[in-house]
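Written out below as structure tokens is the structure these notes cover.
Numbering (this note's numbering), first residue to last: 757 to 1128.
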């Protein structure tokens, strides 16, 4: 049997929830010295479907999905996790204003900055993305002003809220300064399908989920199809995945599935993807280890059963001739010191950084295989 950590065959960027009214209720100040730019006018990166196919601008699934996927999946898909926009500006002051769809700005285990914040990065002089500022939401309508930025034209990238529907967002700069919108990149995206962890829990801010971190490292768009508590390898979601011309599919659903579900659904999902996309790499990811599983037998048994089922599915797929299939073990995704989560299950920023480190070499191998 071939090594499960290997294939089955062998950067700069410059350029439920309570849904409220989809209209921005901000009022412009008279004689404002700020020029506003609405993101919907220049394009959002991290959406797999065109705006014409969506029910709302910042939805993650197309409108038709409402009648196809389970109700919980649909409602969770209304959040803006994984979406970004990019722009260039010479302004020393940037204001972000946006409207959210859910009055609940935080979760018991996740801060408002991660659930409902907008997270801004910029390119430094060496071409590396560096953090700038994250909004601190104080209501469904938030205005976040960043002042005193060093002068000079530079490129920015903003990450949208992880767990709250985004209804509208604009960036403002002082009159006399430039803001040049940058269109979404055309590169094939890295597509993630998973659970609340993929969705972003419990990153302190949107740019710290492993999906966002890996997007920066690979200089590629990412599509985040994480559905909290509902990443269960649904064939209806699989059908939607096949519509995306991905650079690689990453299937990371085990935290929401038991061994029997994995045995039933993993192999059919891979075959569903492979039938539609004959050579797109697919990575199967084991569940991360609960960081307190060393003390709880039931947690260790859960890992053992779900991982055993995924290994068996992988082996059967390889034997049947499925190529460009990869496998990532879960034992060390969050490190080995039990310090990588907020609650034993969901990564903290430390856990997400470690998880990105674990994902990176496998994704790189998958992309290299596709390119060769």
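Cβ atoms here follow ideal geometry from the backbone N, Cα and C, with glycine treated the same way.
Who are the near neighbours of residue i in its chain, counting only those whose CB is closer than 7 Å to its CB and skipping five residues on each side?
| i | result |
| --- | --- |
| residue 1105 | 959, 960 and 964 |
| residue 996 | 817 and 821 |
| residue 1109 | 969 |
| residue 824 | 992 |
| residue 1046 | 1055, 1100 and 1101 |
| residue 1088 | 1114 |
| residue 871 | 861, 862, 863, 917, 918, 919 and 920 |
Beta-carbon within less than 8 Å of residue i's beta-carbon, same chain only, minus the 5 sequence neighbours each way: which residues are those?
| i | result |
| --- | --- |
| residue 904 | 848 and 849 |
| residue 973 | 1112 and 1116 |
| residue 984 | 832, 919, 951, 952, 955 and 957 |
| residue 986 | 826, 828, 829, 832, 951 and 1012 |
State the DSSP-derived secondary structure class of residue i, mapped to helix, strand or coil.
| i | result |
| --- | --- |
| residue 810 | coil |
| residue 1012 | helix |
| residue 1046 | coil |
| residue 866 | strand |
| residue 964 | helix |
| residue 871 | helix |
| residue 1074 | helix |
| residue 1063 | helix |
| residue 819 | helix |
| residue 825 | coil |
| residue 927 | strand |
| residue 831 | helix |
| residue 987 | coil |
| residue 944 | coil |
| residue 971 | helix |
| residue 1089 | coil |
Check whether the Cβ atoms of residue i and residue j sit closer than 9 Å, and answer yes or no.
| i | j | result |
| --- | --- | --- |
| residue 798 | residue 968 | no |
| residue 954 | residue 1008 | yes |
| residue 916 | residue 837 | yes |
| residue 815 | residue 834 | yes |
| residue 1107 | residue 962 | no |
| residue 842 | residue 913 | yes |
| residue 844 | residue 911 | yes |
| residue 1098 | residue 865 | yes |
| residue 851 | residue 790 | yes |
| residue 921 | residue 858 | yes |
| residue 966 | residue 867 | no |
| residue 1005 | residue 949 | yes |
| residue 1040 | residue 1069 | yes |
| residue 982 | residue 1025 | no |
Keeping to the same chain, check which residues put their C-beta closer than 6 Å to that of residue i; ignore five residues upstream and five downstream.
| i | result |
| --- | --- |
| residue 971 | 978 |
| residue 1065 | 1015, 1018 and 1019 |
| residue 1021 | 989 |
| residue 1120 | none |
Since residue i sits in a beta bridge, which residues does DSSP pair it with?
| i | result |
| --- | --- |
| residue 1122 | Beta-bridge pairing links residue 1122 to no other residue. |
| residue 1082 | 1039 |
| residue 922 | 856 |
| residue 895 | Note: residue 895 sits in no beta bridge, so no partner. |
| residue 801 | 840 |
| residue 879 | 885 |
| residue 1054 | Beta-bridge pairing links residue 1054 to no other residue. |
I need the boundaries of the alpha helix (DSSP H) containing residue i, first residue and last residue.
| i | result |
| --- | --- |
| residue 955 | 952-955 |
| residue 887 | Looking at the DSSP string, residue 887 is not in any alpha helix (DSSP H); the run it does join, the beta strand (DSSP E), is 885-890. |
| residue 792 | Here residue 792 belongs to no alpha helix (DSSP H); instead the beta strand (DSSP E) covers 790-794. |
Counting along the chain, where does the beta strand (DSSP E) carrying residue i start and finish?
| i | result |
| --- | --- |
| residue 994 | Not the beta strand (DSSP E): residue 994 falls in the alpha helix (DSSP H), residues 991-997. |
| residue 911 | 910-915 |
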